[in-house]
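Enquirer: Heads up: the sequence shown is residues 541 to 861, going by the working numbering.
Ideal Cβ placement from N, Cα and C applies to all residues, glycine included.
So that we are looking at the same thing, I have put the structure below in structure tokens.
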Amino acid sequence: MHEVLPLLQKTDFPPLVRRGLSTLQVNLGYVCNQTCQHCHVNAGPNRKESMDADTVDAVIDALRATRATTLDLTGGAPELNPHFRRLVRAARESGVRVIDRCNLTVLFEPGQEDLADFLAAQGVEVTASLPCYLEDNVDAQRGQGVHAASMRGLQRLNALGYGSGDPVRVLNLVYNPLGASLPPPQAALEADYRRMLGDRFGVRFDRLLTLANMPIQRFGSTLVSKGTFAGYMTLLRGAHRPENVDSVMCRDLVSIDWQGWAYDCDFNQMLGLPLRSAGRRRTHVSELAATALAGLPVVVRDHCYGCTAGQGSSCGGALAA
Numbered sequence: 541m542h543e544v545l546p547l548l549q550k551t552d553f554p555p556l557v558r559r560g561l562s563t564l565q566v567n568l569g570y571v572c573n574q575t576c577q578h579c580h581v582n583a584g585p586n587r588k589e590s591m592d593a594d595t596v597d598a599v600i601d602a603l604r605a606t607r608a609t610t611l612d613l614t615g616g617a618p619e620l621n622p623h624f625r626r627l628v629r630a631a632r633e634s635g636v637r638v639i640d641r642c643n644l645t646v647l648f649e650p651g652q653e654d655l656a657d658f659l660a661a662q663g664v665e666v667t668a669s670l671p672c673y674l675e676d677n678v679d680a681q682r683g684q685g686v687h688a689a690s691m692r693g694l695q696r697l698n699a700l701g702y703g704s705g706d707p708v709r710v711l712n713l714v715y716n717p718l719g720a721s722l723p724p725p726q727a728a729l730e731a732d733y734r735r736m737l738g739d740r741f742g743v744r745f746d747r748l749l750t751l752a753n754m755p756i757q758r759f760g761s762t763l764v765s766k767g768t769f770a771g772y773m774t775l776l777r778g779a780h781r782p783e784n785v786d787s788v789m790c791r792d793l794v795s796i797d798w799q800g801w802a803y804d805c806d807f808n809q810m811l812g813l814p815l816r817s818a819g820r821r822r823t824h825v826s827e828l829a830a831t832a833l834a835g836l837p838v839v840v841r842d843h844c845y846g847c848t849a850g851q852g853s854s855c856g857g858a859l860a861a
């Protein structure tokens, strides 16, 4: 694995200042049942990192104390954390919107047979990764048989009321390019997804979110190995749109790693760039309620151009029409 942070340190990305906190994005660990080429977390079946019970308790306390309105659960496969369901229940009981970033195939893992029913019963918003509607492309990026299992997962969620416009059972899909290119326009690609998935598999969903691949961790290392890292950064920088800067997620979101440490975004978490707060080298989720976030500078490096290039990219999809 190539170290990419030294290649990103020197940057002229515009300075950013935090507005506050609306979303607490929590990485429950790097354990995953898939190993994807584009994964910026470098997750997989052989990873052991997983948030423990005490840290989950601290997350629950932080949700209540900060009054964050959204809990965004990610991984790895967040559902494989043994405390996932307890955390979801606590958040929903507090009226917090919960997003589960689901890879779909986890719905068929041993012990997860009732997972889809649990998500539906709790009113959890499912944001499901599906990098393409074509079988060959999905299997090339995520592993043999993943596309077929993903279709079964989507059909299972549809049968529970997901993807039908129900505000309680929202189903979004996530697209990311197969290589070193920017996502196509989100609206046009969403129409293609609806047609292909609907006609071939009877699958329904609410929105398609397009994400750019970040030049960090596994994907960044692959770019270095192929000698295309500099070219991809040139592409991102050349496509930068200043109007996207105001909408980047790091101004209102805090990312928490599996040990409870806070970052401005999931990408900074993977690069080991902690959230800056007055008087602290780094901030733990247990200290978040006592931290004045509004006005703090966001830690930026050259990878930030991945969020502002073209139509923009964030955990909520494109930033511009």
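Alpha carbon to alpha carbon, how far is C490 from M810?
Expert: Since the first residue shown for the chain is 541 and the last is 861, residue 490 is missing from the structure and cannot be characterised.
Enquirer: Between E649, Y715, L659, R558, which lies nearest to N677 when the distance is taken from Cα to Cα?
Expert: Y715
Enquirer: Cα-Cα, which of T667, L711, N643, V636 is closest to G683?
Expert: N643
Enquirer: Along the beta strand (DSSP E) that carries V686, what are the first and last residues, could you check?
Expert: Unbroken run through V686 is the alpha helix (DSSP H), 686-699; no beta strand (DSSP E).
Enquirer: Do M754 and H843 count as a contact pair if the criterion is CB distance below 8 Å?
Expert: yes
Enquirer: Could you give the DSSP three-state label for L627: helix, strand or coil?
Expert: helix
Enquirer: The alpha helix (DSSP H) that contains I600, what's its start and end?
Expert: 593-606
Enquirer: Which word fits L674, buried or exposed, when buried means at least 16 other C-beta atoms lie within 10 angstroms of its C-beta?
Expert: exposed
Enquirer: Return the first residue and the last residue of the alpha helix (DSSP H) that T762 is part of.
Expert: Here the alpha helix (DSSP H) through T762 covers 757-766.
Enquirer: Between the C-alpha atoms of N621 and D601, what's the straight-line distance to the nearest angstrom?
Expert: If you take the alpha carbons of N621 and D601, they lie about 18 Å apart.
Enquirer: Do you know whose CA, among L749, G615, P555, lies nearest P724's CA?
Expert: Checking every option, the nearest Cα to that of P724 belongs to L749.
Enquirer: Among S704, L718, L813, L561, whose alpha-carbon lies nearest the alpha-carbon of S669?
Expert: L718
Enquirer: Give the DSSP-derived three-state secondary structure of A668 in the structure shown.
Expert: strand
Enquirer: Buried or exposed for M591, please, with buried defined as at least 16 other CB atoms from any protein chain shown within 10 angstroms of its CB.
Expert: Here M591 is buried, its C-beta having at least 16 other C-beta atoms within 10 Å.
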